[in-house]
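Read in order, the letters of the sequence shown correspond to residues 1 to 125 in our numbering. Below is one structure; the comments refer to it alone.
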Amino acid sequence: MSWDWMPSMPGMSSSATVSLTIESDPPGADAKTSNGASCRTPCMIPVAADREFTVSYSLPGYLPQVIPVRPRTPEFVQLDVEAGGALQSVDLAPNPVYAQLQPAPPPTTSKKGRGRPPKPAPKQQ
């Protein structure tokens with residue numbers, strides 16, 4: 001269905017912002033979007049819903065993770081009461097964005113300097 005016949009209304013523009021919920025397990029990860037917004041999980045940030053972007057997660061002791069987020073048009077247009085009655089015509093998928101962070105492997109130890117033990121110093125009499 002095309003909405004071309006409809007006059008422009010608040011909330012219907014292509015530059016609409018959407019509240020994006022960002023979560024992680026464990027919580028407390030730094031989350032940064034490729035469009036510059038960042039927060040610490042769990043959190044909500046306003047983002048433009050007219051383009052694709054990524055959410056990058058980082059947390060010391062865990063592997064970093066990147067999740068793509070894409071705009072999508074809902075199957076029906078709903079009235080967004082929180083936005084003062086504006087029509088909600090765009091959304092993001094996924095929303096909420098969720099990352100199950102995996103523990104980082106322990107750092108590898110260098111074998112450098114692990115050869116034969118040094119010879120003991122000669123005994124002095």
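All C-beta atoms in this analysis are idealised placements derived from N, C-alpha and C, irrespective of residue type, glycine included. What you are looking at is a predicted structure, and each value in this text was computed from that prediction instead of being measured.
Take the Cβ of residue i as the centre, count every other Cβ of all protein chains shown within 10 Å, and call the residue buried at 16 or more, exposed below.
i: L101; result: buried
i: V55; result: buried
i: T73; result: exposed
i: A121; result: exposed
i: S14; result: Note that S14 has pLDDT 49, beneath the 50 cutoff, so the model's placement of it is unreliable and the number below is only indicative. The residue in question, S14, is exposed, as its Cβ has fewer than 16 Cβ neighbours within 10 Å.
i: S2; result: Confidence is the limiting factor: at S2 the pLDDT is only 39, short of 50, which leaves the residue's position unreliable and the question unanswerable from this model.
Rounded to whole angstroms, what is the Cα-Cα separation between residue i and residue j?
i: L20; j: P105; result: 31 Å
i: I45; j: Q65; result: 18 Å
i: K32; j: S38; result: 4 Å
i: M12; j: V90; result: Low confidence applies to M12: its pLDDT is 44, below 50, so where it sits in the model is not reliable enough to give any reading.
i: K119; j: T108; result: 27 Å
i: E52; j: D25; result: 24 Å
i: E23; j: I67; result: 12 Å
i: C43; j: A49; result: 17 Å
i: S58; j: A29; result: 6 Å
i: A16; j: T41; result: 23 Å
i: V97; j: P27; result: 13 Å
Grab the span of the beta strand (DSSP E) containing residue i for me, first residue to last.
i: P46; result: C43 to A48
i: A16; result: It is not in any beta strand (DSSP E) - A16 carries neither H nor E in the DSSP assignment.
i: T54; result: F53 to S58
i: Y131; result: Residue 131 falls outside the range modelled here, since the chain spans only 1 to 125, and no answer is possible.
i: A93; result: D91 to A93
i: S34; result: Taken as a continuous stretch (DSSP letters only), S34 belongs to no beta strand (DSSP E), as it is neither H nor E.
i: A99; result: V97 to Q100
Is the beta carbon of residue j closer than 8 Å to that of residue i?
i: Y62; j: P103; result: yes
i: N35; j: V18; result: no
i: P60; j: L92; result: no
Taking 7 Å as the cut-off, is the CB of residue i close to at least one heavy atom of the ligand ADP?
i: V47; result: The model on display carries no ligand, and the ligand ADP is accordingly not part of it.
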